[in-house]
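Numbering (my numbering), first residue to last: 207 to 276. All C-beta atoms in this analysis are idealised placements derived from N, C-alpha and C, irrespective of residue type, glycine included. Everything on this sheet refers to the single structure shown next.
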Amino acid sequence: MSNEFRIGKVRGYRRGKIWYLCYNEQGRRHRPRVGPDRNAARPLASQINSQLDVGTPAELSFESISIEKA
């Protein structure tokens with residue numbers, strides 16, 4: 207079994223026993239940790255790739271907000 211895979215714009219890779227995804231969203235690189243199961247990483251990579259194609263924020267992305275001082 208390979209230590210890497212690619213689904214569209216999302217690359218999956220294994221470091222040690224843990225799978226990670228790597229993709230660019232709005233010019234920023236994201237490398238979320240998925241876990242030890244390759245079978246869990248592939249569907250998540252597919253979902254993130256489809257969200258990137260449509261232009262919606264990826265599943266594991268977040269947008270920072272500012273907290274106003276009182």
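Secondary structure of R220, DSSP reduced to three states: DSSP places R220 in strand when its eight states are reduced to three.
In its own chain, which residues sit with a C-beta less than 6 Å from the C-beta of A251, not counting the 5 before and 5 after it? If we look at A251 and ignore the five residues flanking it on each side, its Cβ neighbours are I213, V216, G218 and L227.
Please identify the residue among G233, R235, N230 and D243 whose C-alpha is closest to the C-alpha of R220. Of the listed residues, the one whose Cα sits closest to R220 is D243.
Which first and last residues belong to the alpha helix (DSSP H) in which R244 is found? Here the alpha helix (DSSP H) through R244 covers R244 to V260.
Excluding sequence positions up to five away, which residues of its chain have a Cβ less than 8 Å from the Cβ of E210? Counting only residues of its own chain and dropping the five nearest sequence neighbours on each side, E210 has a CB closer than 8 Å to the CB of R217, G218, Y219 and R220.
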